[in-house]
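Chemist: First to last, the protein sequences are chains U and Z. Using the numbering used here, the letters of the first sequence map in sequence onto residues 1 to 599. Using the numbering used here, the letters of the second sequence map in sequence onto residues 600 to 844. For glycine and all other residues, C-beta sits at the position ideal for the given N, C-alpha and C.
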Amino acid sequence: MSDIVAPSTTVAGPLDVAGTLALVQEALPDAKPVSAGPTDYLEVAPDQLIEALQVLRDQGGCDLLSSITCTDYLSYQGRARAKDGPRFEVVYHLYSTAQGGDCVVLHVPVDDGESLPTATPVYPGANLQEREVWDLYGLVFDGHPNLRRILLWEGFEGHPMRKDWHEAYYEEDQKPFRSRHPRADFARSEDKVPWGKNTRYPADWDPDDWQEPVTYVPVSQDPRSRNGAGDHLSTESVVVNLGPHHPSTHGVFRMIVRIEGETVIALEPDMGYLHRNHEKIGERNTWLMNMPFTDRLDYINSMSNNWGYALAVEKLMGLEVPERAEYLRVIMAELSRIVNHLWSIGFILNDLGALQTPALYAIEEREMILDLFESVSGARMMCNYLRFGGVHRDLPAGWAERARYVVHERLPRALDQLDDLLSGNEIVNTRGRGVGYLSAEQLISLSVTGPMIRAAGVPYDIRRCEPYGVYDRFDFDIPTLPHSDVYDRYYIRLLEARESVRIVQQALAGLPEGDILAGKGGYVFRPPEGEAYGRVEGPKGELGFYLVSDGKPNPYRYHIRAPSYINLNALAPMTVGYKVADAIVILGAIDIVLGEVDR
Amino acid sequence: MFGTGLLKGLGITFKHLVDTYKDDIQSTPARYQGSDDRGKGLKVIDQPVDQEGLLTIQYPEERRLLPERFRYIPMLIWDTETDEERCTACGICAKVCPPQCIWITRATDEAGKPVTRPQDFFIDATICMSCNYCVEFCPFDAIKMDHDAELASFERFPHLVYDKGELTVPLDYYAALWPTQYAEEQERRAQEAAEARAKEEAKAARAAVKKEEEEAPAPEAKLSRAEELKQKAMERARQRREAQS
Ligand code: SF4
Ligand code: SF4
């Protein structure tokens with residue numbers, strides 16, 4: 001197509017993290033620098049947080065507030081922390097999209113019952129993540145526009161990520177459970193719990209009387225009739241639920257929209273139907289046990305989920321990965337990106353009303369790639385292929401030849417065919433062009449990452465701006481498109497899939513011989529005390545893992561910065577003003593997967 | 600131009616149709632060469648990577664040939680060479696299992712002392728996430744991945760909680776499912792055994808040289824026993840499948 005912006009291959013140079021932290025310290029002499037394992041951060045008091053964020057945004061160039069999360073230090077066993085410090089620490093990770101490079105980390109200690117100011121005035125993208133912290137930890141963000149539960153429901157008792165919260169079938173804090181060996185009496189937890197129910201309600205709460213509060217329209221949006229005073233008839237707006245069981249929501253996801261005629265005047269995403277408190281499970285697990293659980297986040301891309309987690313743990317342990325394993329990781333992650341992009345292209349078409357046929361053509365090649373995954377790892381989707389320090393198994397005989405056939409013959413042909421069929425298609429053009437526009441600045445301030453911002457002209461790709469693995473050895477472009485609409489979001493995925501094909505071709509050609517796993521392997525890992533944030537350019541955006549270790553065999557904190565979840569920040573601003581039918585396509589073009597949104 | 604999109608789309612669909620027939624004609628008499636016809640209309644298909652046209656496999660009449668590394672629910676190995684189970688109830692698999700769905704009770708001898716054999720061994724198949732860790736970390740090659748994926752049943756409890764009897768398969772069954780890995784493993788085990796033997800021999804240098812030859816059971820008896828066990832395991836798998844349908 002003619003309107004591709006020249007692919008940019010460089011960014012302005014890595015962010016000077018130490019210098020940026022010094023800027024904050026200059027403005028706020030009380031901020032305390034701390035070093036925890038591989039991470040250096042600044043500890044900022046709650047009342048100085050906003051000032052610190054402003055300094056970082058306006059002087060430090062950190063325009064992307066990537067992740068907000070919290071750690072409850074109630075049962076921390078390590079030696080590096082004073083026992084009597086405040087119970088919680090809220091953690092902020094900030095990046096610069098223009099300069100790339102590593103992140104700036106802020107910690108805000110808060111005690112139980114205290115609150116801290118919301119970051120939404122400085123970074124509107126803090127919205128969903130602060131709601132998550134409120135929901136799971138019960139920390140109040142003063143001034144947040146819509147501080148309601150998000151993953152759990154209103155009648156849920158307690159805040160489950162607190163270390164002292166226990167579920168109904170609670171057995172032990174840490175795996176392995178003692179009841180399994182050497183004296184097992186197999187019994188279902190349901191039968192052992194005398195009341196046999198796994199729900200508890202808050203004391204003053206009755207499920208029969210309760211009615212969902214109609215606070216659907218967030219404060220930021222205008223619920224009133226728009227054309228009351230015009231030449232038109234005065235009409236009333238109505239609230240419509242799209243989902244949770246709706247074929248276009250790509251899973252169990254609900255959009256509560258207020259429409260006037262056909263026009264959306266307010267929208268509120270509602271999620272959590274698939275919530276299983278993945279992070280709490282993760283803190284019970286040992287380090288290694290979490291690997292197959294990451295498969296289940298974005299279940300289309302288990303290979304890159306594995307990588308994000310492995311990367312964070314390797315950072316924490318200071319593990320080197322053998323070269324062959326690095327190449328294998330690149331091959332698998334890029335194949336998985338192709339799968340994801342084919343899938344999302346197919347489903348954008350589905351959402352446009354071209355039901356199933358184009359989607360099936362788009363995912364035909366996916367079958368071939370899944371066959372490859374299956375023969376190397378044993379599973380098509382839940383691959384569980386990476387290990388700390390390498391990969392699980394080497395390639396079976398004949399694998400490389402098959403993969404070569406797929407990336408040299410099949411995939412280029414299939415992508416060309418899709419391009420030819422869809423890119424010039426009238427319906428794709430009329431329904432896609434100019435729909436769901438949001439400027440690059442808005443998207444970044446809403447913490448959106450991945451193909452969405454590249455379709456808005458921002459060449460921000462972690463593989464290029466903070467290269468991990470061996471990505472710096474391959475010749476590939478970061479395609480960008482200028483219009484930031486649904487059409488560009490469709491087309492950018494096609495372009496990125498082509499780049500991935502190029503990378504896999506090169507990686508297969510240059511695949512070195514050698515070891516695939518560093519160290520002794522084994523199943524017990526005790527990373528030294530500290531914290532680390534590892535991130536990869538997942539097919540849906542920045543996939544980050546924030547880990548805290550207290551030197552024990554189970555992670556003390558295990559948090560996932562889920563790109564599909566955080567990209568939903570942009571859903572409402574993007575949809576308001578368009579027709580209700582466009583809402584479906586706009587959601588489709590964000591490309592969410594509910595396993596990752598709800599966690 | 601008006602309608603080009605439609606024509607293009609139909610063109611692609613038409614091409615698929617033609618490709619399918621072309622593929623059929625080229626590969627007469629059988630659509631998938633190298634595939635396995637198991638009789639009774641059941642075919643196991645090894646789809647080539649250059650397959651064009653129709654990619655659909657008509658399950659359940661046709662099934663995909665599963666790659667060797669395919670993993671589903673673990674199985675316990677009955678070593679037909681030594682005629683005993685390989686599991687020593689060491690508990691490592693129960694320790695590494697992420698959803699903690701393995702339950703092991705160690706057996707005791709008459710005096711009540713624990714011995715290195717499992718008395719009970721349960722796997723809750725509804726919870727197992729097929730992660731392969733139990734197989735990966737078992738130091739005795741006692742637990743391996745089964746390929747039987749058709750486990751649907753009406754009740755979870757107790758049908759999908761497998762006990763030791765249901766989990767145990769003879770070594771040959773495993774060898775047939777995992778030929779490459781089995782060969783590598785046998786080599787490694789033989790080597791380890793040789794090393795262990797060498798050590799032992801060095802220790803009791805003179806005494807035990809001849810004993811070994813005497814101890815080996817007659818090869819024919821071993822074979823027939825293996826065959827019998829294999830038949831049993833296959834029969835059980837078949838029954839399970841039939842019971843479902
Ligand atoms: S199966 Fe292997 S790991 Fe599990 S108890 Fe038996 S010998 Fe130990
Ligand atoms: S495959 Fe994984 S989940 Fe299943 S029994 Fe083995 S260790 Fe447990």
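(1) Quick check: the stretch 100 to 112 of chain U against the stretch 447 to 467 of chain U, are there 3 or more CB pairs under 8 Å?
(2) Name the residue from Asp645/Z, Arg668/Z, Leu616/Z, Arg662/Z whose alpha carbon lies nearest to the alpha carbon of Ala774/Z.
(3) Once DSSP output is grouped into helix, strand and coil, what is the label at Arg224/U?
(4) For Tyr620/Z, count neighbouring Cβ atoms within 10 angstroms of its own Cβ and tell me buried if that reaches 16, exposed if not.
(5) Below 8 Å between beta carbons: does that hold for Leu74/U and Lys163/U?
(6) Do you know offhand how far Ile703/Z's Cα is from Leu641/Z's?
(7) Along the alpha helix (DSSP H) that carries Phe736/Z, what are the first and last residues, could you check?
(8) Among the residues of its own chain, which have a CB less than 6 Å from the CB of Tyr781/Z, if the five just before and after it don't count?
(9) For Ile150/U and Met271/U, which I take to be in contact (beta-carbon distance under 8 Å), what is that distance rounded to the nearest angstrom?
(10) Identify the contact partners of Ala379/U in chain Z, using a Cβ-Cβ distance below 8 Å as the criterion.
(11) Taking only beta carbons into account, state which residues of the stretch 678 to 708 of chain Z come closer than 7 Å to chain U, listed in chain order.
(12) Within its chain, find whatever has a CB closer than 6 Å to the CB of Ala507/U; leave out the 5 residues flanking it on each side and keep chain order.
(13) Residues around ligand 4, please: the ones whose beta-carbon is closer than 6 Å to some heavy atom of it, in chain order.
(14) Establish whether the CB of Gly608/Z and some CB of chain U are separated by less than 8 Å.
(15) Anything in the stretch 738 to 757 of chain Z with a Cβ closer than 8 Å to a Cβ of chain U? List those residues in chain order, please.
(16) Please find out if some non-hydrogen atom of ligand 2 comes closer than 7 Å to the beta-carbon of Met674/Z.
(17) Which two residues bound the contiguous alpha helix (DSSP H) that contains Gln625/Z?
(18) Is there contact here, the stretch 434 to 452 of chain U with the stretch 565 to 581 of chain U, by at least three beta-carbon pairs under 8 Å?
(19) Which of the three DSSP states is assigned to His107/U in this structure?
(20) Whole angstroms are fine: how far does the CA of Asn277/U sit from the CA of Arg599/U?
(21) Should Pro717/Z be counted as a contact of ligand 2 given a C-beta to heavy atom distance under 7 Å?
(22) For Lys614/Z and Arg526/U, I'd like the C-alpha separation in whole angstroms.
(23) Hey, out of Arg148/U, Gly389/U, Ala455/U, whose CA is closest to Leu601/U's CA?
(24) How about Trp343/U and Ile363/U: are their beta carbons less than 8 Å apart?
(25) With respect to the beta strand (DSSP E) encompassing Cys70/U, which residues constitute its N-terminal and C-terminal limits?
(26) Quick one: list the residues of chain U neighbouring Val648/Z, beta-carbon separation under 7 Å, in chain order.
(27) Nearest chain U C-beta to Gly652/Z closer than 8 Å, yes or no?
(28) Would Trp210/U be called buried (16 or more neighbouring beta carbons within 10 Å of its own) or exposed?
(29) Looking at the C-beta of Pro816/Z, does it have a partner C-beta in chain U at a distance below 8 Å?
(30) Candidates Gly544/U, Asp371/U, Glu314/U, Arg489/U: which alpha carbon is nearest Leu600/U's?
(31) Specify, as a first and last residue, the run of the alpha helix (DSSP H) that Asn429/U falls within.
(32) At a cut of 8 Å, does the stretch 42 to 52 of chain U reach the stretch 117 to 132 of chain U through at least three beta carbon pairs?
(33) Whose C-alpha, out of Ala583/U, Glu596/U, Ala589/U, is nearest the C-alpha of Glu262/U?
(34) For Leu242/U and Cys692/Z, what's the separation of their Cα atoms in angstroms?
(35) Of all the residues that make up the stretch 771 to 789 of chain Z, which are near chain U by a beta-carbon distance shorter than 8 Å?
(36) Below 7 Å between beta carbons is the criterion; list the residues of the stretch 165 to 189 of chain U that meet it against any residue of chain Z, in chain order.
Modeler: For this structure:
(1) Touching, yes.
(2) Selected option, being the one with the closest Cα: Arg668/Z.
(3) With a pLDDT of 49 at Arg224/U, under the threshold of 50, the predicted position of this residue should be treated as unreliable, and no value is reported.
(4) Tyr620/Z is exposed by the Cβ-count criterion.
(5) For the 8 Å CB-CB criterion, Leu74/U and Lys163/U form a contact.
(6) Straight-line Cα distance between these residues: approximately 38 Å.
(7) Residues 732 to 736.
(8) Closer than 6 Å at the Cβ level, and outside the excluded window around Tyr781/Z, lie Ala774.
(9) So it is a contact: roughly 7 Å between Cβ atoms.
(10) Neighbourhood of Ala379/U in chain Z, by CB distance below 8 Å: Phe669, Arg670, Ser729, in chain order.
(11) Hits within the stretch, in order: Ala688, Gly690, Ala693, Lys694, Val695, Pro697, Gln699, Ile701, Trp702, Ile703, Thr704, Arg705.
(12) Within the same chain, Cβ atoms closer than 6 Å to the Cβ of Ala507/U are found at Tyr327, Val330, Ile331, the five residues on either side in sequence being excluded.
(13) Absence of ligand 4 is noted for the structure shown, with ligand 1 and ligand 2 being the only ligands found.
(14) For Gly608/Z, the answer is yes, since a Cβ of chain U falls inside 8 Å of its Cβ.
(15) Listed in sequence order: Met744, Phe756.
(16) No; taking the cut-off as 7 Å, the Cβ of Met674/Z has no heavy atom of ligand 2 nearer than that.
(17) Counting along the chain, the alpha helix (DSSP H) containing Gln625/Z begins and ends at 603 to 625.
(18) Contact holds: three or more Cβ-Cβ distances are below 8 Å.
(19) Residue state, collapsed to three classes: strand.
(20) Rounded to the nearest angstrom, the two C-alpha atoms are 6 Å apart.
(21) Result no, Cβ not under 7 Å from ligand 2.
(22) Cα to Cα, the separation comes out at about 57 Å.
(23) Outside the modelled stretch of chain U, which goes from 1 to 599, sits residue 601/U, for which no answer is possible.
(24) For the 8 Å CB-CB criterion, Trp343/U and Ile363/U form a contact.
(25) Here the beta strand (DSSP E) through Cys70/U covers 64 to 72.
(26) Ordered by position in chain U, the residues that pass the 7 Å Cβ test against Val648/Z are Met368, Arg402, Tyr405, Val406.
(27) Not closer than 8 Å to any Cβ of chain U, the Cβ of Gly652/Z fails to qualify, so no.
(28) Exposed, because fewer than 16 other Cβ atoms sit within 10 Å of the Cβ of Trp210/U.
(29) Here the model assigns Pro816/Z a pLDDT of 49, short of 50, so the residue's position is not dependable, and the following value carries that caveat. By this cut-off, Pro816/Z is not an interface position.
(30) Shown here, chain U extends from 1 to 599; a query on residue 600/U therefore has no answer.
(31) Run containing Asn429/U: 426 to 432, per the alpha helix (DSSP H) assignment.
(32) The stretch 42 to 52 of chain U makes contact with the stretch 117 to 132 of chain U; the number of CB pairs closer than 8 Å reaches 3 or more.
(33) Selected option, being the one with the closest Cα: Ala583/U.
(34) Between Leu242/U and Cys692/Z, the C-alpha separation is close to 45 Å.
(35) Listed by position, the residues of the stretch 771 to 789 of chain Z near chain U (Cβ gap below 8 Å) are Thr779.
(36) Listed by position along the chain: Lys175, Pro176, Phe177, Arg180, His181, Pro182, Arg183, Ala184, Phe186, Arg188.
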